[in-house]
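Everything below concerns the one structure shown next.
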């Protein structure tokens with residue numbers, strides 16, 4: 010589904026990523042974990058076309074999308090839930106969700122089906138369909154952001170730090186929804202600092218530290234890895 014090969018990236022003269030490689034298979038949930046400043050969001054920016062890498066390539070369904078414009082990448086079937094949510098606070102839940110489908114022809118044609126999908130996953134959004142998003146709680150806004158991404162019927166869903174700023178109970182609820190999304194056949198790339206919760210969602214994980222992949226393994230093995238237990242799980 011997604012393959013990143015030997016990707017290096019920089020902001021001006023400041024190099025942030027060094028030869029990063031990872032892949033996400035069809036219908037697979039994969040995690041990219043690491044501390045603040047490790048380069049996780051920079052990697053997302055390269056995948057989504059917001060930043061052109063210094064070297065390496067990004068392939069989606071065997072197609073080289075390196076350096077493509079963001080709107081072209083979205084139309085291919087990649088949806089991003091950004092860390093900052095980037096919702097329209099003065100618009101209603103319904104209006105925000107429609108924005109996720111309006112610019113993608115196949116999604117626009119199936120918008121009724123898309124609403125059914127997201128309201129099944131997030132019933133609270135149906136109850137608050139006329140509410141302005143800016144008046145909602147942080148957890149509810151995060152649900153709107155995920156639902157908006159799903160309105161485009163993505164093949165790959167990328168979530169950048171979805172747990173940031175949320176109470177643990179809300180994080181658990183949100184991550185349970187991610188498992189439901191994966192079970193519907195959507196591939197997931199989860200970018201997270203919260204390794205403990207993230208490993209409950211994904212099948213495999215990569216650890217990114219100081220711009221380099223230092224570890225790759227199954228979620229089961231990562232949970233039992235001494236470095237992970239000490240550095241990320243507090244055990």
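Residue numbers (the working numbering): 10 to 244. By construction, the Cβ of each residue, glycine as well, lies at the ideal position given by its N, Cα and C atoms. Owing to the predicted nature of the structure, the values given are computational and were not obtained by experimental measurement.
Which class does residue i belong to by DSSP, given the choice of helix, strand or coil?
i	result
residue 42	strand
residue 61	coil
residue 186	helix
residue 128	helix
residue 87	strand
residue 29	strand
residue 105	helix
residue 151	helix
residue 137	coil
residue 206	helix
residue 78	coil
residue 177	helix
Anyone know if the C-beta pair for residue i and residue j falls short of 8 Å?
i	j	result
residue 198	residue 167	yes
residue 110	residue 64	no
residue 231	residue 237	yes
residue 130	residue 151	no
residue 172	residue 201	yes
residue 215	residue 11	no
residue 187	residue 159	no
residue 34	residue 207	no
residue 148	residue 99	no
residue 108	residue 163	no
residue 194	residue 26	no
Just to check my reading of the structure: residue i and residue j have Cβ atoms closer than 8 Å, yes? What is that Cβ distance to the nearest angstrom?
i	j	result
residue 155	residue 90	5 Å
residue 42	residue 210	Residue 42 to residue 210, Cβ: 11 Å. No contact.
residue 165	residue 36	That belief does not hold up - the Cβ atoms of residue 165 and residue 36 are roughly 10 Å apart, past 8 Å.
residue 56	residue 105	With 8 Å as the limit, residue 56 and residue 105 do not qualify as a contact, their Cβ atoms being about 23 Å apart.
residue 14	residue 61	Not a contact, Cβ separation roughly 15 Å.
residue 103	residue 139	7 Å
residue 58	residue 78	6 Å
For residue i, which residues does DSSP report across the bridge?
i	result
residue 214	40 and 226
residue 169	200
residue 14	66
residue 221	218
residue 20	23
residue 117	In the DSSP output, where bridge partners are listed per residue, residue 117 has none listed.
residue 233	DSSP, once it has assigned bridges, lists no residue as partnering residue 233.
residue 72	69
> On the three-pair Cβ rule with 8 Å, is the segment 95–108 touching the segment 46–58?
Replying inline: no
> Using 8 Å as the Cβ pair cut-off and three pairs as the minimum, do the segment 175–188 and the segment 14–30 touch?
Replying inline: no
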